[in-house]
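Report on the structure given below.
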Amino acid sequence: MIELIATLAVLTLIKSTPIIYAALGGVISERSGVINIGLEGMMAAGAFTAVIVSFATQTPVLGLLAGVAAGACFGYLLAVAATRFKVDQIVAGTGINLICAGGAAYGLVILFNQPGASPQVPSLGGAYWSLVIAAFVLAGALQWLLFHTRWGLRTRATGENPSAVVSAGLDPLVLRTYAVVISGALAGLGGAFLSIGELNLYSDGMTAGRGFIALAAVIFGRWNPIGATAACVVFGFFEALQFVLQGQIAWLPANAMQALPYIAALIALAGVTGRVRAPAADGVPF
Amino acid sequence: MNGRGEPALSLRGIRKAFPGVVAVDGVDLDLFSGEILALVGENGAGKSTLSAIAFGELKPDEGTVHSRGTVGLVHQHFELIGRLRVWENVLLGREPRRGFSVDERAARERVLAVAQDNGLEIDPNAVVETLPIGVQQRVELLRELDREPSVLLLDEPTAALAPAEIERFFATVVQLAARGTAIMIVTHKLQEVIEYSHRVTVMRHGEIVASAPTHEITIGEIARAMVGGDLPDLATRADTTKTPCLHVKDLNAGSGATRLNDFFLDVHGGEIVGIAGVEGNGQNTLADALTGMIAYAGTIERRGTIGVIPQDRQREGLVMNWSLVENALLGRQHRAAARRGLELDRRRARADAAAIAQRCDVRAASLDVAVKTLSGGNQQKLVVGRALIDDPDFVLAYNPTRGIDVGAAALVQSRLIESRNRGAAVLLISFELDEILALADHVIVMYRGAVLGAFDRDRFDRAAIGRLMAGST
Amino acid sequence: MRRQLGAIALIVVLMALAMIIAGTSPIDGFTALFVGALGGRNEIGETLVATSALLFPALGIALAFRAGLFNIGAEGQLVVGGLCAGAIGAALGIPGPLGIVVLLIAGAIGGGVWGAIAGWMKARFGANEIIATLMLNFVAADFALELVSGPLKGPLAAGAETAWLDPKYWLPTLLPGTRLSIALLLALVLALVLQWAFTRTVFGYDLRASGEAPEAARRSGINIGRLTWLALTLSGAIAGLGGATIVTGELHRFNTQLSPGYGFTAIAVALVGDLQPLWICLAAFGFGILESGGLAMQASAQVPKDAIHVIEGLIIFVLAARRYVATRIEGGAP
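Residue numbers (my numbering), protein chains in the order written: chain Z, 1 to 286; chain E, 1001 to 1473; chain F, 2001 to 2334.
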């Protein structure tokens, strides 16, 4: 029994980690006023790029960095679209999701000549634990950064009232760009953890909606890094639970159980009835 | 003190156009240290645009802006961040640092220092959105003062202040001028112009049409220069028989500072009841309760049909991308007369739109253009015409002439009087006391969501009403 | 119009690029694509099958967009609709034509319920419908797979799928010798009905108002909560109906492979069609060419068909220049 609980706890931490990174990115982005629906795609980009680079250089750490960079690139794409072209952020994010998912599938065939999944590549091995711990440390750091530094204050101001930021002599568009690029980088990191941290390959659809579960965590956590992280742990728990139970109880409907994290996210969404307030300028082009 | 020599702010040949309208057309303006200049003009004359250009927020299409030292601007609609604290708003962009983090204590102390220096009271730690509007404006002012501007621009600074607060505000302004700050006040309140300014400049249709030292010009002359002629007349008030229409008693609704407290009200057909009060005293809550937008406890009894003129035409009254025809239906589309089965009666809608445009002088290229291409005055006339076209028994007019030119305002006010003459019960909620005194048969003063006093037309007492609006009984 | 032509130019350039990267000359690639899509009776049939399959969810998505709502869950609604049609169809015993109608209605109800869940969550709790509908996609896929692997699995079925439908429940073929059924006609009729509804009815007026000016709409007497729920339900129902037509007209049974991402491609279709039902028909045909031609292109010219999905994503990204979604992320009830 104790063994089971221990496994569950460990697995919860591991399963939460990628979602935490994405959610932290989501918090920063929305605090600056940009809804990053493209977290899912940025995770996929990070996961895929990490695998390619790890394969090419046989050095997983480089793969990790490449994954972060890939996420940041798509983050920059969204940032430009949102700040310079003032597009509908949600539609743009959706586009990025499809681009990344399709691009990764395309890349699998072009580069590895096998559809569906990549061959196995060097993974981080035991070192992935440092990423798990780093996720939680980062949550605390971001909480402090957001509420006690100049950057944090200015970013939050941008998400509430960009005009006021202009009046203060600052550039809200630059602040938003930084925030969205960082969110892409974090999502990319989460994706890289999925592909070469937890596993050692990339397969189609491996992000499985985590980028959206992360968004639910952002809302449920009231746009606070620590709150969002707590929500991610809850969602990670359900993913871990489903994993563990399947192994233990043979007659459980395995496929239906996989829906647990998503149902948990749905319930979380419903649970925050009218008690949460997004940053006032969230999603509104300026 | 009128320090001459080099002007603190100098605008030359300023021109600025937006799609469809030239807001500022060849303006030269000088502002000197220590003087208080009043820039007046009716809505749409270009005053706010000029201020924004002088501040640097807006780039002119042509012309130059020269200033000695910093320019500060207190906006008409505050640029504050409600969820942040006073000190965060005041010091955004200039936050004192201690290592990597913000030195919050130093920030709070600095805000207090600037406030005291200018004779203002403030709690640096308060969250801005919890503050009354008059205090919020103080925060905006402090933000500019902290930058020690040599030029301070104030855009409609007293719009949301009670009379007593206005006195305190101008005391601060006069003190600033005495210390050498060049001050320009954009306003349409001529009484304040006469009392407090050294010089007056009048704008009309984007140009400067008059400029004079304040002691050399009268209110009448200023008003005439603003409008370019005499003010249009309002419709005459007819004798009417009053029939009960709206009865409100023990009304409690909303929450927080704008809560209604046992509000009561009676409006009869054939009269205009005016609700006088400073913005932020529960008028929104009252309007929302009367139109069924929020829940309430208490009694609201109303006979007959209702026509509503909302306070924010662009957000609450129109679909900006739609045509006049489609907007003419908004709020009326569920009535049996507007439909033919599942479909809308488009011929009827078009006829209605034409009737509204004709009756209320709505100028548009055609009935099919998007409403967003219309000027503010024409948009408002459309909204008013639509509210009145079905001859409602009760009319709720909330700031019906806000932000529109004098001509359109006079038309709107005349239509309200005519409705009253025809027997409708009109409830006029307005932040402009002059408007209420001009139109109402009966005035109720609203303060912190409660009724503080009532006056009949033959006993209007401006000073007494002003005191009640500020809460002193 | 300019935006649409720009989108087409973008597609052409990017497809050429994808072909070059895959080691094929654009000439060979495009030839394979168009020949594969339109080169013969069979090919045209397949293209129109894809057109029809895309048209339903695209119309549903457009309806939701008009109300300012983003239905990213068309894929799941489609699956649920197809599942209902497949499962009930396997157990049905009534006469043919009536049976077809029943199955189509079952699909619409299934998809409608799936959309209604998100709609209710939004109306009642202010839950963001984008996240909700996407979560429901995954739930639908997981539940569907579970059901057809177990309780609903057809007795003679080799894999996870329902039993084959009795041929009397198959949608009549439109183009003899191909898989194209009258589903296409159904979709076209639906487009006409929606066009009428959007522009001429009170419902359409209310729908558009709440999408373009939510506050003004609320004050004009429109019940925004009810409209939200209704819009998402209808949106889901239309997608579900599409799923049912795939099951009754194309596959003749239900399995979880019934949609190669139609629900997502349909977003691009709806946007390229500018949210107008008649233009959407045209856009669906264009994307139908891409989908079916893409398969051929993959088979004969070795260009992975995923290139098409990348391009669809890019089109959506580029068309974000117009504001579609009134919703924001907030959790408060509308």
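For each residue, glycine too, the CB sits at the ideal point set by N, CA and C.
In the DSSP assignment, the beta strand (DSSP E) including E/Leu1251 goes from what residue to what residue?
For E/Leu1251, the uninterrupted beta strand (DSSP E) segment begins and ends at 1243–1253.
So, E/Ala1023 versus E/Ala1017, is the Cβ gap smaller than 8 Å?
Cβ atoms of E/Ala1023 and E/Ala1017: closer than 8 Å.
Report yes or no: is there a C-beta of chain E within less than 8 Å of the C-beta of Z/Gly169?
Taking Cβ atoms only, chain E reaches closer than 8 Å to Z/Gly169, which makes this a yes.
Would E/Asp1352 pass as a contact of E/Ile1389 if the rule is Cβ separation under 8 Å?
yes
Could you please give the first and the last residue of the uninterrupted alpha helix (DSSP H) stretch that includes E/Lys1016?
It is not in any alpha helix (DSSP H) - E/Lys1016 instead sits in the beta strand (DSSP E) that spans 1009–1018.
Name the chain F residues whose beta carbon is nearer than 8 Å to that of Z/Phe85?
Ala2321
In whole angstroms, what is the alpha-carbon distance linking E/Asp1028 and Z/Phe286?
31 Å
For F/His2309, tell me which candidate among F/Leu2145, F/Val2080, F/Ala2217, F/Ile2267 has the shortest Cα-Cα distance.
F/Ile2267
Rounded C-beta distance between Z/Ala187 and Z/Gly46? I'm assuming under 8 Å.
The Cβ separation is near 6 Å, so the contact holds.
Please tell me whether E/His1334 has its Cβ less than 8 Å away from any Cβ of chain F.
yes
Between E/Gly1063, E/Asn1043, E/Glu1006, E/Ala1038, which lies nearest to E/Gly1013 when the distance is taken from Cα to Cα?
E/Gly1063
Given a cut-off of 8 Å on the beta-carbon distance, is the pair F/Gly2086 and F/Val2247 in contact?
yes
Please confirm if F/Ala2016 has its CB atom under 8 Å from at least one CB of chain Z.
no
Are E/Val1102 and Z/Thr149 closer than 8 Å when you measure CB to CB?
A distance below 8 Å separates the beta carbons of E/Val1102 and Z/Thr149.
What is the DSSP secondary structure of E/Glu1216, counted as helix, strand or coil?
helix
Looking at F/Gly2076 and F/Asn2128, is the spacing between their C-beta atoms short of 8 Å?
no
Pull up the distance between the alpha-carbon of E/Ala1126 and that of Z/Glu239, whole angstroms please.
43 Å
Spell out whether any CB of chain E is found under 8 Å from the CB atom of F/Ala2009.
Judged by the 8 Å Cβ criterion, F/Ala2009 is not in contact with chain E.
Thinking just about the alpha-carbon of each residue, which of F/Val2272, F/Gln2195, F/Gly2107 is nearest to the one in F/Ala2009?
F/Val2272
Which ranges does the alpha helix (DSSP H) cover as unbroken runs of at least 4 residues, wholly within the segment 2205–2265 of chain F, from first to last along the chain?
2214–2219, 2224–2245
Just to confirm before moving on: does the CB-CB distance between E/Asn1321 and F/Glu2212 stay below 8 Å?
yes
Can you tell me whether DSSP reads F/Gly2068 as helix, strand or coil?
coil
Using 8 Å as the limit for Cβ to Cβ distance, is Z/Glu160 near chain E?
Yes, because at least one Cβ of chain E sits closer than 8 Å to the Cβ of Z/Glu160.
Return helix, strand or coil for Z/Tyr202, following the three-state DSSP convention.
Note: Z/Tyr202 maps to coil in three-state DSSP.
Considering only the beta carbon of each residue, do F/Lys2341 and F/Thr2228 sit closer than 8 Å?
It is not possible to answer for residue 2341 of chain F, since the shown part of chain F is limited to 2001 through 2334.
Would you say F/Leu2343 lies against chain Z (beta-carbon separation less than 8 Å)?
In this structure chain F extends from 2001 to 2334, so residue 2343 of chain F is not present and cannot be described.
What in chain E is Cβ-close to F/Arg2124, meaning under 7 Å?
What F/Arg2124 touches in chain E: nothing, since even the nearest Cβ is about 16 Å away.
Taking all protein chains shown into account, do 16 or more other C-beta atoms lie within 10 angstroms of the C-beta of Z/Trp251, making it buried, or fewer, making it exposed?
exposed
Can you list the residues of chain E that Z/Leu153 reaches, using a CB-CB cut of under 8 Å?
Leu1084, Glu1088, Leu1092, Glu1095, Val1102
Going by C-alpha distance, which of F/Ala2307, F/Ala2321, F/Val2318 is nearest F/Leu2017?
F/Ala2307
Inspect the beta-carbon positions of E/Ala1337 and E/Ala1349 and report whether they are closer than 8 Å.
Taking C-beta atoms as the reference points, E/Ala1337 and E/Ala1349 fail to come closer than 8 Å.
Identify the continuous alpha helix (DSSP H) that holds F/Thr2201 and give its terminal residues.
Where F/Thr2201 is concerned, there is no enclosing alpha helix (DSSP H), given that its DSSP letter is neither H nor E.
Just to confirm my understanding: we take E/Pro1019, look at its own chain, exclude 5 residues before and 5 after, and list those with CB closer than 7 Å. What are they?
none
CB F/Ala2335 to CB F/Ile2280, shorter than 8 Å?
A query on residue 2335 of chain F cannot be resolved here, the shown segment of chain F reaching from 2001 to 2334 and no further.
Can you check DSSP and say which residues form a bridge with E/Ala1425?
E/Glu1271, E/Phe1394
Residues of the segment 2220–2238 of chain F with a CB closer than 8 Å to any CB of chain E: list them in chain order, please.
Ser2220, Gly2221
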